[in-house]
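The sequence shown runs contiguously to residue 529 in the working numbering.
Everything below concerns the one structure shown next.
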Amino acid sequence: MNKPKHITVIGAGLVGSLQSIFLAQKGYQVTVFEQLPDIRKESIPAGRSINLALANRGINALKAAGVMDVIKPLLIPMKGRMLHQESGQLQFQSYGQRPEEVIYSVSRAGLVSLLRDRAEATGLVKFYFKHELMAIDFDNKIIDIRNVTTEETQNHDFEYLIGADGGGSQVRESMKALKETSFTSELLNHSYKELTIPPSESGEHQMRREALHIWPRGEYMLIALPNPDGSFTATLFMPNEGEISFYAIKTPVQLNLFFDKHFTDVKPLIADLETDYFNNPTGYLGTIRCDDWYHKEVVLIGDAAHAIVPFHGQGMNAGFEDCLALNEILTESKESWEQALPVFVKSRMVNVNAIADMALENYVEMRSTVRDPKFHLKKQIAFELERRQPNHFIPRYSMVMFHSIPYTDAQNRGKIQTKILEQLSEHVTSLNEVDLVRGERLVLQKLPRIDNQPY
Ligand SMILES: Cc1cc2nc3c(=O)[nH]c(=O)nc-3n(C[C@H](O)[C@H](O)[C@H](O)COP(=O)(O)OP(=O)(O)OC[C@H]3O[C@@H](n4cnc5c(N)ncnc54)[C@H](O)[C@@H]3O)c2cc1C
């Protein structure tokens, strides 16, 4: 078995950049081709979502790569959801029940810039920006790379190649063309649009800073995450077509009426509502599932392998968990890529399919179920059961966001837990009416002990 010396990565997004650090730490020479300019040198739009929620799985990977200390100053903790009712009433819902159970808002551009800096600092990673992958010859291990500036295309050899080129992956398309993998792409019939809530005149956040704000409206919703400069990035998620939809809101008058009626409290805070709405792109959302993620010496990772909808805030987190998994599996297989790739794909694929499903379910929870008083009661019961039986019952949201329990286990345990919560919340309206002794009995009967080291 020959350990390769050199790895080629396509895509210097969040996942490609972190993966390069892991590879350099193992002593590989790494070349990364990225089609876009370098955001550290040229001001370019951050693309999808200006900020993101970073949670435990992502943090674990960043810690393992030794970069968490430099990233910490970028983070704003979000302790829970601040629900904005149509009446203007506010309700705060904690995400977890321990001080460390928070998620963090982080700037996409800030995070990717630091990861690239750290990759370059190893002395083993070389980024080529404005270089686009055009085609792959799997048999001869050659790629065609187009220099976006000169428009010339050149051939490059590779030993092993990692496709970290996101949801529209050319690497995945090349594998598909060989019929080595097929994939399904389920487009959601809802899209999104980003809007900015600027800081106040004194530079402060105009709403509570340490929260993820949600305006749940049934079929659609607005959310907002804080930025360090005092602004919030708000995202409107709405159906593409129908009575209330991106298709239906076409004029400033329609837009203003819509926000006056449904987002009364926040409308005055979105200083450039019309400009943002009509100038910012409408982003599509979807789920990509592949049959396979590798062929010969080429493997997919991150969104290229498994793009998911953003409603659990897990796309990047899952991609970072991929990087950590590949790193560990390579170590276990003594850097035999031939052995490691099938193990990596087998272990990750089933798990990312589970988070893809849970992310879709979470959209309904965020835009609709959170409005139901029963939902709050079930949350309270769930926290109480976790307090009483922490090794048997962990709320599903917490399993996904604050633990590293495999996604499939979180999904399976979550189904059992949902049934228990349904049973316990039937015919009652407050926590002190709930039969918690029965609850504990059900938990111990139905949920095997879980020995998990979460943090
Ligand atoms: C609205 C929204 C909100 C989100 N919020 C969250 C969140 O809160 N938490 C979370 O964990 N995730 C979130 N996500 C998901 C997250 O953005 C993605 O999972 C993450 O960006 C995936 O990283 P990646 O590096 O795999 O792909 P990308 O970030 O897409 O990076 C791929 C890179 O490859 C480059 N590339 C593409 N094709 C080529 C080519 N042919 N040649 C060379 N380079 C190429 C691209 O330019 C890009 O830089 C959100 C997504 C959306 C849309």
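Note that CB positions come from ideal geometry on N, CA and C, so glycine has one too.
As the structure is a computational prediction, the values presented were derived from the model and not from experiment.
Taking R131 as the reference, give the member of G393, K493 and E284 with the closest Cα.
Taking only the C-alpha atoms, the option nearest R131 is G393.
Which same chain residues, not among the five before or five after V508, have their C-beta less than 6 Å away from its C-beta?
So the list reads I455, L498 and V502, once near-sequence residues are dropped.
Report the residue from I344, S305, M440 and T482 whose alpha carbon sits nearest the alpha carbon of S276.
Ranking I344, S305, M440 and T482 by Cα distance to S276 puts S305 first.
So, helix, strand or coil for E514, using DSSP?
Correct three-state label for E514: helix.
For F352, which of S123, L88, V327 and Q280 has the nearest alpha-carbon?
Comparing Cα-Cα distances from F352 to each of S123, L88, V327 and Q280, the minimum goes to V327.
Nearest-angstrom Cα distance between S181 and I124?
Near 6 Å, if we compare the C-alpha coordinates of I124 and S181.
Applying the 10 Å Cβ sphere with the 16-neighbour rule, what's the burial state of M208?
Under this definition M208 is an exposed residue.
Nearest-angstrom Cα distance between L188 and Q159?
Whole-angstrom Cα-Cα distance: 38 Å.
At a cut-off of 7 Å, would you count V327 as near ligand 1, judging by its Cβ distance to the nearest heavy atom?
Checking the Cβ of V327 against ligand 1 gives no.
Locate the alpha helix (DSSP H) running through N486, then write down its first and last residues.
Looking at the DSSP string, the run of the alpha helix (DSSP H) that includes N486 is Y481 to S499.
Looking at the secondary structure, which residues open and close the alpha helix (DSSP H) in which I236 lies?
No alpha helix (DSSP H) holds I236; the beta strand (DSSP E) holding it covers Y234 to G237.
Using CA atoms only, rank isn't needed, just tell me which of S410, D346 and I429 is closest to H380.
For the residues S410, D346 and I429, the minimum Cα distance to H380 belongs to I429.
Under a Cβ-count criterion, where at least 16 other Cβ atoms within 10 Å of its own Cβ denotes burial, should G87 be classed as buried or exposed?
Classification for G87: buried.
According to DSSP, simplified to helix, strand and coil, what is P522?
Three-state result, P522: coil.
Could you tell me which of L235, E278 and S91 sits nearest to F203, measuring between CA atoms?
Here the closest residue by C-alpha is S91.
How big is the Cα-Cα spacing for S256 and S248?
Answer to the nearest angstrom: the Cα atoms are 11 Å apart.
In terms of residue numbering, what span does the alpha helix (DSSP H) encompassing I150 cover?
It is not in any alpha helix (DSSP H) - I150 instead sits in the beta strand (DSSP E) that spans I150 to M152.
For D239, is the beta carbon positioned less than 7 Å from some heavy atom of ligand 1?
Yes; taking the cut-off as 7 Å, the Cβ of D239 has a heavy atom of ligand 1 nearer than that.
Do you know whose CA, among C397, H369, M473 and P416, lies nearest K253's CA?
Answer by Cα proximity: H369.
The beta strand (DSSP E) with R291 in it runs from where to where?
Run containing R291: none; DSSP gives neither H nor E here.
Contact check, Y266 vs T325 under 8 Å by CB: the rounded distance?
So it is not a contact: roughly 20 Å between Cβ atoms.
Have a look at Q146 and E500 and give me their C-alpha separation to the nearest angstrom.
Before going further, note that residue 146 is Lys rather than Gln in the sequence given. If I take the Cα positions, the gap works out to 43 Å.
State yes or no: is the C-beta of S94 within less than 8 Å of the C-beta of A193?
For S94 and A193, yes; Cβs fall inside 8 Å.
When every heavy atom of ligand 1 is checked, does at least one fall within less than 7 Å of the C-beta of V144?
It does not: the Cβ of V144 is nowhere closer than 7 Å to a heavy atom of ligand 1.
Answer yes or no: the CB of M249 versus the heavy atoms of ligand 1, is any distance below 7 Å?
M249 Cβ: outside cutoff for every heavy atom of ligand 1.
Beta carbon of G389, beta carbon of A238: below 8 Å?
Cβ atoms of G389 and A238: not closer than 8 Å.
Among R246, I133, I113 and M295, which has the Cα closest to the Cα of T443?
The candidate whose alpha carbon is nearest that of T443 is M295.
If distances are taken between C-alpha atoms only, which option among F332, N506, Q491 and A138 comes closest to L516?
If we check each option's Cα against that of L516, Q491 comes out closest.
Is T405 helix, strand or coil by DSSP?
T405 falls in the helix class under three-state DSSP.
Would you mind working out which of N301, A414, Y321 and T270 sits nearest L347, comparing C-alpha positions?
Here the closest residue by C-alpha is T270.
Pair every Cβ in the segment 277-296 with every Cβ in the segment 148-159, then say whether three or more of these pairs are closer than 8 Å.
They touch, by the three-pair rule.
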